[in-house]
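Chains as they are written, first to last, in the working numbering: chain A, 1 to 285; chain B, 1 to 258. Input: a single structure, listed below in structure tokens.
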Amino acid sequence: MARFVPLPQAVAENLNNGDSVAFEGFTHLIPTAAAHEAIRQGFRDLTLIRMTPDVVYDQMIGMGLARKLVFSYAGNPGVGLLRRLRDAVENGFPHKLEIEEHSHAAMANAYEAGAAGLPCAIFRGYRGAELARVNPNIKFIECPFTGESLATVPALRPDVVFIHAQKADRKGNVLVEGIVGIQKEAVLAAKRAVVTVEEVVDDFSDLHPNLTILPHWTVTDIAVVPGGAHPSYTHGYYARDNAEYLKWDKIAADRDLFRDWMQKNVLDATPEDFAGRVEKLRDAG
Amino acid sequence: MSKPEFTPNEMMTIAASRALKNNDVCFVGIGAPSAACNIARLTHAPDITLIYESGTIGTAPDVLPLSIGDGELCDTALTTVPVPEMFRYWLQGGRITIGFLGAAQIDKYGNINTTVIGDYDSPKTRLPGGGGAPEIATSSQEVYITLAQSKRGMVEKIDFYTSFGHGDGGDHRQKLGIDTKGPTLLITDLAIWKPDPVTKEFTVVSLHPGVTRDQVQETCGWTVTFADGVEETPPPTELELATLRDLKARTEAAHKGA
């Protein structure tokens, strides 16, 4: 049964040092507010999981929260590379970062296997791909019926998953729409799930019957954080702040500039600040 | 009538767009492939199905997306499916006719590196990684690649085999049990390349207008093979150029932000 709690409480009571945690979102609905709260609370030794670690993971890695990163595409989408991640991988700054690298197909299948309660995912992948050489969690098995060689990776079962969604009803059922990404699978694969939402409505009785809904009993905690996906977007609420993604490239390129930006915009900020950040983007959403 | 002026990059995008057919189902990589696929849709292939890995099927964006998951893609799509479904049913299921990829580094057999420059464990440059590409490269019925030529980008030996092309050439794909065609077309800012039927080495089949063989060789890290009877790529038409420039202008204005 989902509880409605303030974001600082949801993060404090669901995340622990050393946890494996996914702040999922596939370009859309990235749970930035939750990630910033984790940064403010100063967690350490996290195994960060995400198909597309982008700006928020660059921030978490740069602030030293991560021991390990499990991922399939680590870039600032459409802009370039993640410079804090690069500094960690190439120079060990602020400390060494272990990486477990997959393809999107593998990660998507691994979340799905986690949600399905299976120990591993099986798919036709990694043929001729060198990741199979450097990642011991990529193996091949023979189909017992056809003899075809198929790739297999362990199921993903994060300790906790954070996602952002459009809305919850008063019971704590959650609606995700638009580019739904991998969030449903991630929530169902995780031991605990925290959802930030734009708003709470009385009920979902007038919605289309096939929308992506997470029943309240699949969610641990819900925090209402309008704008909580900025600079990504929430379909139907506000548009993606592409200009912020472009700016990030310069901020992250310099250690001091990065630290100053984080102090001002994350450490000295609150979840309530997100609403103002998306105000100018609401017409376009 | 005077011929329109155009840049090598414009020629690349337009040449790439021409390779796509109206009935193609195209899995679109971000960047250069995205521009080419949308020019095809806006000119000769209005019914082409464009698919982005964020799950949008049959999308028709008014501006080019900055990322593979911009809201514009979902708003204009026929339907949007979850990411696991995208990779399992639509890509792995064999529904994609063309996987259209960009590349940081390629070799003459169309193998692609988007993972690291240097050694994997202590890289000189950590690149974003494969994303959807390792499976796009092997599960799409065929693969088109587009990139601007440079000695850094087109190398004798890539540092990491992110996405498998023709491996060491010849029947390497079949030996690995890969039954799709792999890279069948490479479009650069200078030329159009196709794999040799036997060796699978990319061979120049058409030079863009005004481009010399020396220019192609000077910007390529392997010794270039030219096909018998190299053709000249038809220059962009006024319609193609106007469509591309309008799209770029709309895109630039949109990305500068609200």
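A virtual CB, placed ideally from N, CA and C, is assigned to each residue, including glycine. Computed from a predicted structure; not experimentally measured.
Identified DSSP bridge partners for residue i
{"i": "E98 of chain A", "result": "A:K68"}
{"i": "M105 of chain B", "result": "Reading off the sequence, residue 105 of chain B comes out as Gln, not Met. Paired residues: B:N113."}
{"i": "P195 of chain B", "result": "B:F202"}
{"i": "E199 of chain A", "result": "A:K167"}
{"i": "Y52 of chain B", "result": "B:T56"}
{"i": "L175 of chain A", "result": "A:K167, A:I213"}
{"i": "H28 of chain A", "result": "A:Y233"}
{"i": "K139 of chain A", "result": "A:T152"}
{"i": "P123 of chain B", "result": "B:G118"}
{"i": "A193 of chain A", "result": "A:V161"}
Listed by chain order, chain B residues near residue i by CB distance under 8 Å
{"i": "F71 of chain A", "result": "G129"}
{"i": "I182 of chain A", "result": "P82, V83, P84"}
{"i": "R86 of chain A", "result": "T125, R126"}
{"i": "R240 of chain A", "result": "L66, S67, D70, G71"}
Chain-ordered chain B contacts of residue i [CB-CB under 7 Å]
{"i": "F26 of chain A", "result": "S54, G69, V83"}
{"i": "S149 of chain A", "result": "G177"}
{"i": "R170 of chain A", "result": "Near R170 of chain A there are no residues of chain B at all, since even the closest Cβ is about 26 Å away, more than 7 Å."}
{"i": "A74 of chain A", "result": "P128, G129"}
Proximity test, Cβ basis, 7 Å: residue i and chain B
{"i": "V134 of chain A", "result": "yes"}
{"i": "I141 of chain A", "result": "no"}
{"i": "V160 of chain A", "result": "no"}
{"i": "V197 of chain A", "result": "no"}
{"i": "Y57 of chain A", "result": "no"}
{"i": "T270 of chain A", "result": "no"}
{"i": "E112 of chain A", "result": "yes"}
{"i": "A108 of chain A", "result": "yes"}
{"i": "I222 of chain A", "result": "no"}
{"i": "N179 of chain A", "result": "At residue 179 of chain A the sequence reads Ile, which differs from the Asn that was named. By this cut-off, I179 of chain A is an interface position."}
{"i": "E90 of chain A", "result": "yes"}
{"i": "E101 of chain A", "result": "yes"}
{"i": "E185 of chain A", "result": "yes"}
Rounded C-alpha distance that separates residue i from residue j
{"i": "Y126 of chain A", "j": "E101 of chain A", "result": "12 Å"}
{"i": "V261 of chain B", "j": "D45 of chain A", "result": "In this structure chain B extends from 1 to 258, so residue 261 of chain B is not present and cannot be described."}
{"i": "M111 of chain A", "j": "A121 of chain A", "result": "Before going further, note that residue 111 of chain A is Tyr rather than Met in the sequence given. Taking the straight line joining both Cα atoms gives about 8 Å."}
{"i": "G229 of chain B", "j": "V205 of chain B", "result": "8 Å"}
{"i": "N113 of chain B", "j": "E130 of chain A", "result": "10 Å"}
{"i": "L190 of chain B", "j": "A253 of chain B", "result": "28 Å"}
{"i": "G117 of chain A", "j": "V160 of chain A", "result": "16 Å"}
{"i": "M1 of chain B", "j": "T43 of chain B", "result": "In this prediction, M1 of chain B has a pLDDT of 46, which is less than 50 and means its spatial position is unreliable; what the coordinates show is noted afterwards. About 22 Å."}
{"i": "Q41 of chain A", "j": "G227 of chain A", "result": "20 Å"}
{"i": "A258 of chain B", "j": "L281 of chain A", "result": "Residue placement at A258 of chain B is poorly supported in this model, since its pLDDT is 44, which falls under 50; the coordinates still yield a value, given next. Those two C-alpha atoms are separated by around 6 Å."}
{"i": "T56 of chain B", "j": "K256 of chain B", "result": "24 Å"}
{"i": "E240 of chain B", "j": "T234 of chain A", "result": "34 Å"}
{"i": "P183 of chain B", "j": "H28 of chain A", "result": "31 Å"}
{"i": "P158 of chain A", "j": "S103 of chain A", "result": "18 Å"}
{"i": "Q9 of chain A", "j": "T7 of chain B", "result": "56 Å"}
{"i": "G110 of chain B", "j": "K175 of chain B", "result": "17 Å"}
{"i": "G153 of chain B", "j": "D159 of chain B", "result": "11 Å"}
{"i": "T219 of chain B", "j": "D256 of chain A", "result": "37 Å"}
{"i": "G177 of chain B", "j": "R84 of chain A", "result": "39 Å"}
{"i": "L247 of chain B", "j": "N38 of chain B", "result": "9 Å"}
Short CB-CB distance (under 7 Å) between residue i and chain A
{"i": "E252 of chain B", "result": "no"}
{"i": "E66 of chain B", "result": "In the sequence on display, residue 66 of chain B carries Leu and not Glu. It does; some Cβ of chain A falls within 7 Å."}
{"i": "Q174 of chain B", "result": "no"}
{"i": "M1 of chain B", "result": "Confidence in M1 of chain B is poor, its pLDDT being 46 and thus under 50, which makes the residue's placement unreliable; the coordinate value appears in the next sentence. Output row for M1 of chain B: interface = no."}
{"i": "F87 of chain B", "result": "yes"}
{"i": "A258 of chain B", "result": "For A258 of chain B, the pLDDT reaches just 44, beneath the cut-off of 50, and the residue's location in the model is therefore unreliable, leaving the point undetermined."}
{"i": "G99 of chain B", "result": "no"}
{"i": "I261 of chain B", "result": "A question about residue 261 of chain B goes unanswered here, because the residues of chain B that appear run from 1 up to 258."}
{"i": "C74 of chain B", "result": "yes"}
{"i": "Y109 of chain B", "result": "no"}
{"i": "R213 of chain B", "result": "no"}
{"i": "R152 of chain B", "result": "no"}
Residues that residue i contacts on chain A, provided the C-beta gap is smaller than 8 Å
{"i": "T162 of chain B", "result": "A129, E130, L131"}
{"i": "Q92 of chain B", "result": "A105, F123, R124, G125"}
{"i": "I30 of chain B", "result": "P77, G78"}
Residue i: CB within 6 Å of a non-hydrogen atom of the ligand PLP
{"i": "F100 of chain B", "result": "This structure simply doesn't include the ligand PLP, nor any ligand for that matter."}
Listed by chain order, chain B residues near residue i by CB distance under 9 Å
{"i": "H235 of chain A", "result": "G71, C74, D75"}
{"i": "L286 of chain A", "result": "Residue 286 of chain A cannot be examined here, being either before or after the span of chain A that is shown, 1 to 285."}
Within chain A, partners of residue i - CB distance below 7 Å
{"i": "G167 of chain B", "result": "G128"}
Please specify which runs of the alpha helix (DSSP H), each continuous and at least 4 residues long, are wholly inside the segment 239-285 of chain A, giving them in chain order. The DSSP assignment places 242-251, 255-262, 273-277 as complete runs of the alpha helix (DSSP H) inside the segment 239-285 of chain A, in order along the chain (cut-off: 4 residues).
- prompt: Taking a cut of 7 Å between CB atoms, which residues from the segment 128-150 of chain B lie near chain C?
  reply: Judged by its chain identifiers, the structure shown contains no chain C, and its protein chains are A and B.
- Query: Going along the chain, which unbroken runs of the alpha helix (DSSP H) with 4 or more residues stay wholly within the segment 138-223 of chain B?
  - Reply: Complete alpha helix (DSSP H) runs here, min 4: 172-175, 213-218.
- Report the residue ranges of all alpha helix (DSSP H) runs contained in full by the segment 5-75 of chain B; include only those spanning at least 4 residues, in chain order. Considered as a whole, the segment 5-75 of chain B harbours 8-18, 32-42, 71-75 as its complete alpha helix (DSSP H) runs of no fewer than 4 residues, in chain order.
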